[in-house]
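Just below is one structure, and these are the notes that go with it.
Chains as they are written, first to last, in our numbering: chain A, 1262 to 1613; chain B, 1262 to 1613.
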């Protein structure tokens, strides 16, 4: 896979988004969030999503210049209507509003409805950690998993995430879909025409399948059986039910439903570390926990214990040096978008 | 297993706790929480724990009449020192304080340090749900699980829980340890002299074991491999690190360490539903989600899809009618406690 210079990719994504009707500042934010995902090795949430966002803008399903509406307010709570704007843009704006509230009250929370797929939760969590705040983030997603006992796509892969600041040069970042594997991996396998491992998914009749396309028609399995199902329900309650967004099977599919809006719901709860203890002390305490994890006796064959966020941080370091890898399919989509918008396609594979 | 009348058990537990130095109101609260766990079928967090609490009071490791100290305050945040009081008592008192803050600010949060094992998280979550509030609760616990890649008891089984109000007669209750199974099950198997299923635990050398005692010396496995490990880390960060309590392997063991305090940490985040939407509307939305879950196409051999909290609610109904089952070992402990405190042992198995 060829690699490309980060600033060039960001520039191109920004230009495409602007051409699609997104205000320039918002387009830059979108580009930053997508490229950040590629940078950290989660390309399933990266630039590969730009094309579908643009197609949904063109279909009138995403409003590229939507206002963020705070519908209801308590001192430390915002009930937000994203007005079908870009998920990344509306979520980042909501996080900015929450940041000042959390600074004032110690904790602040927001629900966001009428939103879209908004990329990797860790993007928002890491932004918060940089300011010595801890964001707990959840979102519902288009139907993909069945509740325990069922075999019908009902819940999304409903991730939950949080990042804590450290003194290690990267945040301790927990970001996990409640599916056995992130659905993005199934989408990527399908795009690449590859099979998926056994145990990941059921087909539409409830039979185990290794066919990625059949899995996308059927259901991906929850992690840890009924526990993952329960956690997916909890994420749905906070992000879909409490927010007033579409719930579970009512959430629109980004790829399948080009005739209706997604109405995804998000839940943010933001803690100001300083309300609890000195941020420097918190970082030192997190660092000691990290040191303790890494010093644990290892299972046979394990060379090193990596803490959550550490593999992605190493990947980002590598990608910063050598450029971010972009797959052929995504590259072709970008070329087509540039042609359609009469933009020069400026990406050339970068040498080391 | 014999069953016993709920009010009799509660009365006995209260009397024992009072005799051990717990103020009567606090003793009644402790009894209510323990009996509530037995009532819902989670006897691992029920009356079976009374004996060790009393022994730790007698050893000076739990202060039965500790003051709850709010060390630090932001408008919507309480940083609490439980002063080594009973976990259940200090947590319930903190929840009461949070309830009025959440009513005012929409959301409020507390950390609690210098606490103990405090029973089932769902006890607090269900109390909140009864008041149309949603509590997100986490706690660290004595070391039991290794981070992914390791084989050393480091994290506790670190549960996370939340309950949402419904119109179904029971809350939708998510309460899950991040271990494959709750460590209480291993303790119960060990108490009963029974083996545990393969895959639950590793012995002290990192080898799989079905011996409950060996598992208690070794580590129980996280649910879902590295995902469960990451979630355990997140729970540790909120409840152990942010609170200023002991962290991971530093948490004292309730049974093994009769020479030092536990210093468990808890994290509570309490949302007032009314800050987001009308509580009646929320309940209706939760009910629709429940109906949707139950209506999902079922896998072969599955007669009914149960939602989280539903099995426990049915168990509670049965136990309310027929009395709560108490095992022989626990019964013997209760008898001994009554003898030591010169209390009449008033429990007789109840007829239907």
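A virtual CB, placed ideally from N, CA and C, is assigned to each residue, including glycine.
Own chain residues within Cβ distance below 6 Å of residue i, not counting five before or after
i                       : result
residue 1504 of chain A : 1372, 1374 and 1526
residue 1431 of chain A : 1570 and 1574
residue 1307 of chain B : 1295, 1298 and 1299
residue 1584 of chain A : 1264, 1265, 1266 and 1611
residue 1355 of chain A : 1341, 1371 and 1373
residue 1507 of chain A : 1524
residue 1543 of chain B : 1534
residue 1309 of chain A : 1591
residue 1487 of chain B : 1409
Distance, residue j Cα to residue i Cα
i                       : j                       : result
residue 1332 of chain B : residue 1528 of chain B : 15 Å
residue 1350 of chain B : residue 1337 of chain B : 21 Å
residue 1348 of chain B : residue 1399 of chain B : 13 Å
residue 1551 of chain A : residue 1293 of chain A : 28 Å
residue 1418 of chain A : residue 1484 of chain B : 17 Å
residue 1321 of chain B : residue 1462 of chain B : 32 Å
residue 1554 of chain A : residue 1482 of chain B : 15 Å
residue 1454 of chain B : residue 1305 of chain B : 15 Å
residue 1412 of chain B : residue 1510 of chain B : 13 Å
residue 1367 of chain A : residue 1538 of chain A : 11 Å
residue 1517 of chain A : residue 1313 of chain A : 11 Å
residue 1617 of chain A : residue 1549 of chain B : Since the displayed chain A opens at 1262 and closes at 1613, residue 1617 of chain A lies outside it and no answer follows.
residue 1492 of chain B : residue 1609 of chain B : 43 Å
residue 1442 of chain B : residue 1401 of chain B : 16 Å
residue 1277 of chain A : residue 1289 of chain A : 10 Å
residue 1596 of chain B : residue 1586 of chain B : 16 Å
residue 1327 of chain A : residue 1344 of chain A : 6 Å
Buried/exposed call for residue i, threshold 16 Cβ in 10 Å
i                       : result
residue 1434 of chain B : buried
residue 1334 of chain A : exposed
residue 1600 of chain B : exposed
residue 1361 of chain A : exposed
residue 1520 of chain B : exposed
residue 1342 of chain B : buried
residue 1325 of chain A : buried
residue 1629 of chain B : The requested residue 1629 of chain B does not occur in the structure, where chain B is confined to residues 1262 to 1613.
residue 1420 of chain A : buried
residue 1578 of chain A : exposed
residue 1636 of chain B : Coverage of chain B is limited to positions 1262 through 1613, which leaves residue 1636 of chain B absent and any answer about it impossible.
residue 1594 of chain A : buried
residue 1403 of chain B : buried
residue 1268 of chain B : exposed
residue 1522 of chain A : buried
residue 1582 of chain A : exposed
residue 1262 of chain B : exposed
residue 1460 of chain A : exposed
residue 1436 of chain B : buried
Chain-order list of residues whose beta-carbon lies under 7 Å from that of residue i (same chain, five-residue window excluded)
i                       : result
residue 1363 of chain B : 1369, 1394, 1531, 1532 and 1533
residue 1449 of chain B : 1305
residue 1576 of chain A : 1301 and 1302
Residue-chain proximity (residue i, chain C), Cβ-Cβ < 8 Å
i                       : result
residue 1481 of chain A : Looking for chain C here will not work: the only protein chains present are A and B.
Given residue i as reference, the closest of the options once Cα atoms are compared
i                       : options                           : result
residue 1498 of chain B : A:1277, A:1478, A:1396 and A:1498 : A:1396
residue 1315 of chain B : B:1582, B:1418 and B:1282         : B:1282
residue 1301 of chain B : B:1387, B:1286 and B:1352         : B:1387
residue 1415 of chain A : B:1608, B:1598 and B:1566         : B:1566
residue 1458 of chain A : A:1444, A:1465 and A:1286         : A:1444
residue 1389 of chain A : A:1403, A:1359 and A:1524         : A:1359
residue 1546 of chain A : A:1453, A:1412, A:1428 and A:1286 : A:1428
residue 1379 of chain A : A:1366, A:1365, A:1353 and A:1391 : A:1353
residue 1339 of chain A : B:1577, B:1536 and B:1357         : B:1536
residue 1590 of chain B : B:1465, B:1401 and B:1451         : B:1451
residue 1439 of chain B : B:1549, B:1490, B:1403 and B:1593 : B:1490
residue 1524 of chain A : A:1268, A:1290, A:1494 and A:1323 : A:1323
residue 1287 of chain A : A:1469, A:1508, A:1346 and A:1319 : A:1346
residue 1311 of chain B : B:1456, B:1291, B:1327 and B:1328 : B:1291
residue 1377 of chain A : A:1513, A:1469, A:1494 and A:1365 : A:1513
Beta-carbon proximity list for residue i, same chain, < 8 Å, skipping 5 on both sides
i                       : result
residue 1540 of chain B : 1393, 1426 and 1534
residue 1285 of chain A : 1275 and 1279
residue 1568 of chain B : 1433, 1551, 1554 and 1555
- Inspect the CB distances between the region 1468-1487 of chain A and the region 1460-1474 of chain B and report whether three or more fall short of 8 Å. no
- Message: Would you call the region 1377-1392 of chain B in contact with the region 1419-1426 of chain B, where contact means no fewer than 3 C-beta pairs closer than 8 Å?
- Response: yes
- Message: Under 8 Å, with one C-beta from each stretch per pair, do the region 1273-1288 of chain A and the region 1589-1604 of chain A reach the 3-pair mark?
- Response: yes
- Three or more C-beta pairs below 8 Å linking the region 1403-1415 of chain B and the region 1555-1564 of chain A: yes
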